[in-house]
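S.K.: Dumping the structure here so I can ask a few things about it.
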Amino acid sequence: DVNDVGGGSDTTEVLMTMVKSPIEELRLGAYELMTALVTGTEKGAHMLLKYGGFFEFLCHANLEIVKEGKEAKFRLVEAVVHSSVMGLLADEIVKALKLVVQRGPYYVKNVQDVALME
């Protein structure tokens, strides 16, 4: 059915599916939609963060591989950090999101650090 976009999924689930797509243009559009949702509505960041795995997605720098995607995802993280939802989050989540912003859009985890964690 044409009107059944997302197969009954909620908006956040559809957006998360889009940002994981191998199609670059689809991912970039989804980042822009999420950023607009966070900056354009008071509850946008709250709605996205309620989705299981969204916080982890924001913190995982290696999920996006193209420059434009890294920059778009970084703008999304910045929008969340500057939103009113930050006052409602646990301290460790706030610190993790601020660390992502501090590291910037092109941060890559040091191979040595990864080896030490295993």
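Here this note's numbering = 1-based position in the sequence shown + 1169.
A virtual CB, placed ideally from N, CA and C, is assigned to each residue, including glycine.
Let's see if you can read the secondary structure: which residues bound the alpha helix (DSSP H) around V1183?
M.R.: Note, V1183: alpha helix (DSSP H), T1180 to V1188.
S.K.: Given 8 Å as the limit, is there contact between the region 1269-1277 and the region 1220-1236, that is, 3 or more CB pairs closer than that?
M.R.: The region 1269-1277, when compared against the region 1220-1236, does touch it at the 8 Å Cβ threshold.
S.K.: So, at 6 Å on beta carbons, what are the nonlocal neighbours of R1272 in its own chain, with the 5 sequence-adjacent residues on each side left out?
M.R.: Nothing meets the Cβ criterion.
S.K.: Taking C-alpha atoms, which residue in F1226, K1264, L1268 and L1245 lies nearest to G1209?
M.R.: Considering only alpha carbons, the answer is L1245.
S.K.: Have a look at D1179, I1192 and T1204 and flag the residue whose alpha-carbon is nearest the alpha-carbon of E1240.
M.R.: Per the Cα distances, T1204.
S.K.: Output the distance between the C-alpha atoms of Y1200 and G1256, rounded to the nearest integer angstrom.
M.R.: Spanning the two alpha carbons is a distance of roughly 23 Å.
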